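**Student:**
In my numbering, the protein residues as written are 970 to 1268.
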(Lines of atoms letter the chains of each structure in order from A and count residues from 1; the text may use other names and numbers.)
(Lines give C-alpha, C1' and ligand atoms only; values in the text may rest on other atoms or scores of the structure.)
Protein backbone atom coordinates (compact mmCIF):
# COMPACT_ATOMS: atom_id res chain seq x y z
CA UNK A 1 0.00 0.00 0.00
CA UNK A 2 1.58 3.29 -1.04
CA UNK A 3 1.82 6.40 1.14
CA UNK A 4 -1.41 8.33 0.80
CA UNK A 5 -1.06 12.03 -0.03
CA UNK A 6 -3.32 12.86 2.94
CA UNK A 7 -1.00 10.97 5.29
CA UNK A 8 2.09 12.70 3.95
CA UNK A 9 0.52 16.14 4.20
CA UNK A 10 -0.69 15.39 7.71
CA UNK A 11 2.76 14.19 8.71
CA UNK A 12 4.41 17.37 7.49
CA UNK A 13 1.70 19.58 8.97
CA UNK A 14 1.96 17.84 12.32
CA UNK A 15 5.66 18.69 12.43
CA UNK A 16 6.87 15.19 13.11
CA UNK A 17 10.40 16.24 12.27
CA UNK A 18 10.33 17.51 15.90
CA UNK A 19 8.75 15.98 18.98
CA UNK A 20 5.61 17.71 20.20
CA UNK A 21 6.59 19.98 23.08
CA UNK A 22 4.62 21.97 25.58
CA UNK A 23 5.78 24.98 27.54
CA UNK A 24 6.87 22.79 30.45
CA UNK A 25 9.50 20.97 28.40
CA UNK A 26 13.02 21.75 29.58
CA UNK A 27 15.66 23.51 27.53
CA UNK A 28 17.71 20.30 27.58
CA UNK A 29 14.80 18.33 26.08
CA UNK A 30 14.20 20.96 23.40
CA UNK A 31 17.85 20.91 22.42
CA UNK A 32 17.95 17.11 22.47
CA UNK A 33 15.28 17.06 19.77
CA UNK A 34 17.85 18.42 17.30
CA UNK A 35 20.85 16.36 18.40
CA UNK A 36 22.61 14.19 15.83
CA UNK A 37 23.53 11.08 17.79
CA UNK A 38 24.81 7.62 16.80
CA UNK A 39 21.38 6.31 17.76
CA UNK A 40 19.69 8.70 15.31
CA UNK A 41 22.09 7.72 12.53
CA UNK A 42 21.32 4.04 13.11
CA UNK A 43 17.58 4.74 13.10
CA UNK A 44 17.91 6.68 9.85
CA UNK A 45 19.78 3.81 8.19
CA UNK A 46 16.97 1.44 9.19
CA UNK A 47 14.30 3.90 8.07
CA UNK A 48 15.86 4.31 4.62
CA UNK A 49 15.81 0.55 4.20
CA UNK A 50 12.14 0.47 5.21
CA UNK A 51 10.94 3.13 2.75
CA UNK A 52 10.36 0.40 0.17
CA UNK A 53 9.04 -2.18 2.65
CA UNK A 54 5.90 -4.17 1.88
CA UNK A 55 4.34 -3.11 5.18
CA UNK A 56 2.52 0.22 5.18
CA UNK A 57 3.13 0.54 8.93
CA UNK A 58 6.88 0.06 8.43
CA UNK A 59 6.98 2.73 5.74
CA UNK A 60 5.00 5.10 7.94
CA UNK A 61 7.39 4.57 10.87
CA UNK A 62 10.32 5.14 8.51
CA UNK A 63 8.85 8.43 7.32
CA UNK A 64 8.40 9.66 10.89
CA UNK A 65 12.03 8.84 11.74
CA UNK A 66 13.33 10.68 8.67
CA UNK A 67 11.29 13.74 9.58
CA UNK A 68 13.42 14.00 12.73
CA UNK A 69 16.71 13.79 10.82
CA UNK A 70 17.03 17.35 9.52
CA UNK A 71 20.76 17.40 10.38
CA UNK A 72 21.45 14.46 8.05
CA UNK A 73 20.37 16.21 4.87
CA UNK A 74 23.43 15.15 2.88
CA UNK A 75 22.83 11.49 3.69
CA UNK A 76 19.15 11.77 2.77
CA UNK A 77 19.92 13.50 -0.53
CA UNK A 78 22.40 10.76 -1.38
CA UNK A 79 19.79 8.13 -0.55
CA UNK A 80 17.55 9.51 -3.32
CA UNK A 81 19.80 7.60 -5.72
CA UNK A 82 19.38 4.24 -3.98
CA UNK A 83 15.75 3.97 -2.82
CA UNK A 84 12.85 2.89 -5.02
CA UNK A 85 10.38 5.21 -6.78
CA UNK A 86 8.04 5.48 -3.80
CA UNK A 87 10.96 6.02 -1.45
CA UNK A 88 12.16 8.89 -3.63
CA UNK A 89 8.75 10.55 -3.40
CA UNK A 90 8.76 10.18 0.38
CA UNK A 91 12.33 11.46 0.71
CA UNK A 92 11.58 14.48 -1.49
CA UNK A 93 8.72 15.40 0.84
CA UNK A 94 10.96 14.93 3.90
CA UNK A 95 13.66 17.17 2.44
CA UNK A 96 11.14 19.85 1.54
CA UNK A 97 9.70 19.69 5.06
CA UNK A 98 13.17 20.15 6.53
CA UNK A 99 13.77 23.14 4.28
CA UNK A 100 10.49 24.75 5.31
CA UNK A 101 10.94 24.04 9.01
CA UNK A 102 13.30 26.92 9.73
CA UNK A 103 15.52 24.70 11.89
CA UNK A 104 18.37 27.21 11.99
CA UNK A 105 16.10 29.94 13.38
CA UNK A 106 14.67 27.58 16.01
CA UNK A 107 18.17 26.61 17.09
CA UNK A 108 19.16 30.27 17.19
CA UNK A 109 16.32 30.89 19.64
CA UNK A 110 17.58 28.03 21.79
CA UNK A 111 21.10 29.47 21.69
CA UNK A 112 19.72 32.81 22.91
CA UNK A 113 17.93 31.05 25.77
CA UNK A 114 21.12 29.28 26.79
CA UNK A 115 22.96 32.62 26.81
CA UNK A 116 20.27 34.45 28.80
CA UNK A 117 19.74 31.63 31.29
CA UNK A 118 23.47 30.76 31.47
CA UNK A 119 22.39 27.13 31.24
CA UNK A 120 25.40 25.03 32.20
CA UNK A 121 26.15 21.48 31.11
CA UNK A 122 24.60 21.64 27.63
CA UNK A 123 27.80 21.74 25.56
CA UNK A 124 27.54 18.14 24.29
CA UNK A 125 23.96 18.77 23.15
CA UNK A 126 24.86 22.09 21.51
CA UNK A 127 27.56 20.37 19.47
CA UNK A 128 25.26 17.48 18.55
CA UNK A 129 22.43 19.83 17.58
CA UNK A 130 24.58 21.63 15.02
CA UNK A 131 26.30 18.51 13.69
CA UNK A 132 25.73 18.17 9.95
CA UNK A 133 24.19 21.64 9.55
CA UNK A 134 25.23 24.52 7.32
CA UNK A 135 24.48 27.98 8.71
CA UNK A 136 23.51 31.04 6.74
CA UNK A 137 25.10 33.91 8.67
CA UNK A 138 27.97 35.02 10.89
CA UNK A 139 25.36 35.95 13.48
CA UNK A 140 24.41 32.30 13.88
CA UNK A 141 28.06 31.40 14.45
CA UNK A 142 28.32 34.18 17.02
CA UNK A 143 25.27 32.94 18.92
CA UNK A 144 26.70 29.42 18.93
CA UNK A 145 30.00 30.63 20.35
CA UNK A 146 28.26 32.67 23.04
CA UNK A 147 26.01 29.75 23.96
CA UNK A 148 29.05 27.48 24.24
CA UNK A 149 30.75 30.01 26.49
CA UNK A 150 27.65 30.36 28.69
CA UNK A 151 27.24 26.59 29.07
CA UNK A 152 30.88 25.50 29.21
CA UNK A 153 32.19 23.46 32.14
CA UNK A 154 35.70 22.18 32.83
CA UNK A 155 34.52 18.59 32.40
CA UNK A 156 33.47 19.38 28.81
CA UNK A 157 37.10 19.33 27.63
CA UNK A 158 37.11 15.71 26.34
CA UNK A 159 33.90 16.36 24.38
CA UNK A 160 35.14 19.56 22.74
CA UNK A 161 38.53 18.02 21.96
CA UNK A 162 36.77 15.24 20.07
CA UNK A 163 34.60 17.83 18.28
CA UNK A 164 37.72 19.43 16.78
CA UNK A 165 37.66 16.57 14.24
CA UNK A 166 33.95 16.88 13.40
CA UNK A 167 33.07 16.91 9.68
CA UNK A 168 30.93 20.02 10.33
CA UNK A 169 32.85 23.34 10.10
CA UNK A 170 30.64 25.16 12.63
CA UNK A 171 31.13 22.38 15.19
CA UNK A 172 34.91 22.54 14.72
CA UNK A 173 34.78 26.30 15.12
CA UNK A 174 32.73 26.08 18.35
CA UNK A 175 35.05 23.40 19.69
CA UNK A 176 38.09 25.53 18.91
CA UNK A 177 36.72 28.44 20.96
CA UNK A 178 35.87 26.09 23.82
CA UNK A 179 39.27 24.37 23.85
CA UNK A 180 40.95 27.75 23.90
CA UNK A 181 39.04 28.66 27.06
CA UNK A 182 39.47 25.33 28.83
CA UNK A 183 43.06 24.38 28.03
CA UNK A 184 45.52 25.86 30.52
CA UNK A 185 48.58 24.14 29.10
CA UNK A 186 50.29 25.91 26.17
CA UNK A 187 51.89 22.75 24.79
CA UNK A 188 48.56 20.94 24.85
CA UNK A 189 46.81 23.84 23.13
CA UNK A 190 49.45 23.99 20.40
CA UNK A 191 49.20 20.24 19.84
CA UNK A 192 45.41 20.38 19.56
CA UNK A 193 45.13 23.43 17.31
CA UNK A 194 48.10 23.11 14.96
CA UNK A 195 46.23 20.63 12.68
CA UNK A 196 43.48 23.25 12.29
CA UNK A 197 45.89 25.60 10.54
CA UNK A 198 45.21 23.53 7.41
CA UNK A 199 41.47 23.15 8.02
CA UNK A 200 39.18 23.35 4.99
CA UNK A 201 37.17 26.12 6.67
CA UNK A 202 38.66 29.62 6.56
CA UNK A 203 36.96 30.78 9.81
CA UNK A 204 38.46 27.76 11.59
CA UNK A 205 41.93 28.42 10.12
CA UNK A 206 41.72 32.10 11.05
CA UNK A 207 40.72 31.48 14.65
CA UNK A 208 43.32 28.73 15.07
CA UNK A 209 45.98 31.11 13.73
CA UNK A 210 44.96 33.87 16.17
CA UNK A 211 45.07 31.54 19.17
CA UNK A 212 48.36 29.99 18.09
CA UNK A 213 49.85 33.44 17.53
CA UNK A 214 49.03 34.14 21.18
CA UNK A 215 51.03 30.99 21.93
CA UNK A 216 53.91 32.56 19.93
CA UNK A 217 53.71 29.93 17.22
CA UNK A 218 55.21 31.50 14.11
CA UNK A 219 53.40 29.06 11.80
CA UNK A 220 50.36 31.26 12.45
CA UNK A 221 51.97 34.08 10.45
CA UNK A 222 52.00 31.96 7.29
CA UNK A 223 48.30 31.16 7.68
CA UNK A 224 47.33 34.78 8.32
CA UNK A 225 49.30 35.91 5.25
CA UNK A 226 47.57 33.28 3.10
CA UNK A 227 44.17 34.45 4.39
CA UNK A 228 44.77 37.87 2.85
CA UNK A 229 43.38 36.21 -0.30
CA UNK A 230 40.14 35.22 1.45
CA UNK A 231 36.82 36.12 -0.14
CA UNK A 232 35.40 36.67 3.36
CA UNK A 233 35.95 40.33 4.22
CA UNK A 234 36.35 40.09 7.98
CA UNK A 235 38.88 37.27 7.64
CA UNK A 236 41.21 39.07 5.23
CA UNK A 237 40.70 42.42 7.02
CA UNK A 238 41.46 41.11 10.50
CA UNK A 239 44.30 38.94 9.20
CA UNK A 240 45.95 42.09 7.82
CA UNK A 241 45.27 44.14 10.93
CA UNK A 242 46.80 41.47 13.15
CA UNK A 243 49.82 40.94 10.91
CA UNK A 244 50.47 44.68 10.82
CA UNK A 245 50.08 45.02 14.60
CA UNK A 246 52.46 42.15 15.33
CA UNK A 247 55.15 42.92 12.74
CA UNK A 248 54.89 46.70 12.17
CA UNK A 249 54.77 45.99 8.42
CA UNK A 250 52.05 47.08 5.98
CA UNK A 251 52.83 46.75 2.22
CA UNK A 252 49.85 48.99 1.30
CA UNK A 253 47.33 46.17 1.52
CA UNK A 254 43.69 47.33 1.42
CA UNK A 255 41.24 44.64 2.48
CA UNK A 256 38.25 46.42 0.92
CA UNK A 257 39.78 46.54 -2.56
CA UNK A 258 38.86 44.23 -5.40
CA UNK A 259 40.80 40.98 -5.65
CA UNK A 260 43.06 42.15 -8.48
CA UNK A 261 44.06 45.25 -6.45
CA UNK A 262 44.65 43.27 -3.24
CA UNK A 263 46.73 40.53 -4.84
CA UNK A 264 50.11 42.34 -5.32
CA UNK A 265 50.23 43.50 -1.68
CA UNK A 266 49.09 40.07 -0.49
CA UNK A 267 51.98 38.50 -2.39
CA UNK A 268 54.42 40.94 -0.77
CA UNK A 269 53.10 39.94 2.62
CA UNK A 270 53.40 36.25 1.82
CA UNK A 271 56.95 36.63 0.54
CA UNK A 272 57.95 38.67 3.60
CA UNK A 273 56.54 36.05 5.98
CA UNK A 274 58.25 33.25 4.06
CA UNK A 275 61.61 35.05 4.24
CA UNK A 276 61.51 36.75 7.64
CA UNK A 277 58.65 35.14 9.54
CA UNK A 278 60.88 32.75 11.50
CA UNK A 279 63.35 35.37 12.68
CA UNK A 280 61.76 38.83 12.53
CA UNK A 281 60.80 40.64 15.73
CA UNK A 282 57.11 39.89 16.31
CA UNK A 283 54.96 41.32 19.13
CA UNK A 284 52.67 38.36 19.78
CA UNK A 285 51.03 40.17 22.72
CA UNK A 286 48.98 42.13 20.17
CA UNK A 287 46.76 39.05 19.73
CA UNK A 288 45.03 39.83 23.05
CA UNK A 289 42.79 42.45 21.40
CA UNK A 290 41.67 39.98 18.73
CA UNK A 291 40.86 37.36 21.36
CA UNK A 292 38.94 39.81 23.58
CA UNK A 293 37.01 41.55 20.78
CA UNK A 294 36.20 38.48 18.71
CA UNK A 295 32.47 39.04 18.26
CA UNK A 296 32.81 42.65 17.15
CA UNK A 297 35.54 41.70 14.71
CA UNK A 298 33.62 38.91 12.99
CA UNK A 299 30.39 40.78 12.27
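Positions of the beta carbon are idealized from the N, C-alpha and C atoms, including for glycine. All figures in this text were calculated on a predicted structure; none of them were measured in a lab.
1) Given a cut-off of 7 angstroms on the beta-carbon distance, is the pair residue 1048 and residue 1017 in contact?
2) How far does the alpha helix (DSSP H) with residue 1047 in it extend, from its first residue to its last?
3) So for residue 1249, helix, strand or coil by DSSP?
4) If we require 4 or more residues per run, which alpha helix (DSSP H) segments fall completely within the region 1213 to 1251?
5) Which runs of the alpha helix (DSSP H), 4 residues or longer, sit entirely within the region 1081 to 1117?
6) Which of the three DSSP states is assigned to residue 1006 in this structure?
7) Just the Cα atoms here: how many angstroms apart are residue 1176 and residue 1030?
8) Excluding sequence positions up to five away, which residues of its chain have a Cβ less than 6 angstroms from the Cβ of residue 1093?
9) Under the three-state reduction of DSSP, which class applies to residue 1127: helix, strand or coil?
10) Counting along the chain, where does the alpha helix (DSSP H) carrying residue 1155 start and finish?
11) Taking the alpha-carbon positions, what's the residue 1212 to residue 1156 distance?
12) What residue does the alpha helix (DSSP H) around residue 1165 start on, and which one ends it?
13) Please report the Cβ distance between residue 1240 and residue 1224, rounded to the nearest whole angstrom; I am assuming they are in contact, meaning their Cβ atoms lie under 8 angstroms.
14) Can you give the beta carbon distance from residue 1100 to residue 1137, rounded, assuming they're within the 8 angstroms contact cut?
15) Pull up the CB-CB distance for residue 1112 and residue 1081, whole angstroms please, since I reckon it's below 8 angstroms.
16) Residue 1090: which of 1001, 1217, 1005 and 1028 sits nearest, CA to CA?
17) My output table needs one value for residue 937: the three-state DSSP class, helix, strand or coil.
18) By the 10 Å Cβ neighbour count, where 16 or more other Cβ atoms means buried, how is residue 1226 classified, buried or exposed?
**Tutor:** This is what the structure gives:
1) Yes, these two residues count as a Cβ contact at 7 angstroms.
2) Segment 1042 to 1048, the alpha helix (DSSP H) holding residue 1047.
3) Residue 1249 carries a coil assignment under DSSP once its states are collapsed to helix, strand and coil.
4) Here the runs fully enclosed are 1228 to 1245.
5) When DSSP assignments are scanned along the region 1081 to 1117, the uninterrupted stretches of alpha helix (DSSP H) that are 4 or more residues long and fall wholly within it turn out to be 1092 to 1099.
6) In the structure shown, residue 1006 sits in coil (DSSP, three-state: anything other than H, G, I, E or B).
7) Each residue's Cα considered, the two are about 43 angstroms apart.
8) 1128.
9) Helix at residue 1127.
10) That run of the alpha helix (DSSP H) goes 1155 to 1162.
11) Across the structure, residue 1212 and residue 1156 are spaced so that their CA atoms are roughly 23 angstroms apart.
12) Here residue 1165 belongs to no alpha helix (DSSP H), and DSSP marks it neither H nor E.
13) Actually they do not touch by this definition, with Cβ atoms about 18 angstroms apart.
14) Right, the Cβ-Cβ distance comes to about 5 angstroms (below 8 angstroms), so this counts as a contact.
15) Rounded, the Cβ-Cβ distance is 6 angstroms, consistent with contact.
16) Selected option, being the one with the closest Cα: 1001.
17) Since the first residue of the chain shown is 970 and the last is 1268, residue 937 is not available in this structure.
18) A residue is called buried when at least 16 other Cβ atoms come within 10 angstroms of its Cβ; residue 1226 does not meet this threshold and is exposed.
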